[in-house]
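K.L.:
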């Protein structure tokens, strides 16, 4: 995983798909598009090299 990138997962069978974007804004936009398309998705947050930070769903998406 790349450091300082934002990640979310599309849950699908048989494998989940993890997607990243370089900026938070781009990640939120993509996340919202998949959610509107009816996909089951999970926000992971910003990877700092050891763990995910900012792992709460952004307010712009959860509203």
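Numbering (my numbering), first residue to last: 6 to 68.
Heads up, the beta-carbon is just placed ideally off N, CA and C, and yes, glycines get one too.
Small disclaimer: the values here were computed from a predicted structure and weren't measured.
1) If distances are taken between C-alpha atoms only, which option among 46, 64, 36, 60 comes closest to residue 18?
2) Would you report the Cα separation of residue 22 and residue 48, rounded to the nearest angstrom?
3) So, at 8 Å on beta carbons, what are the nonlocal neighbours of residue 50 in its own chain, with the 5 sequence-adjacent residues on each side left out?
4) Tell me the DSSP secondary structure of residue 45 in three-state form.
5) Using CA atoms only, rank isn't needed, just tell me which of 32, 65, 27, 40 is closest to residue 9.
P.N.:
Well, looking at it:
1) Against the chain shown, residue 18 aligns to sequence position 13. Checked all of 46, 64, 36, 60; the closest Cα to residue 18 is 46.
2) Residue 22 sits at position 17 when you count from the first residue of the chain shown. Residue 48 sits at position 43 when you count from the first residue of the chain shown. Spanning the two alpha carbons is a distance of roughly 12 Å.
3) Working through the chain shown from its first residue, we reach residue 50 at position 45. Taken in chain order, the residues that qualify are 11, 12, 57, 58, 59, 60, 61.
4) Taking the chain shown and counting its residues from 1, the one referred to as residue 45 is at position 40. Note: residue 45 maps to strand in three-state DSSP.
5) The residue labelled residue 9 in the question sits at position 4 within the chain shown. For the set 32, 65, 27, 40, the Cα lying nearest the Cα of residue 9 is the one of 27.
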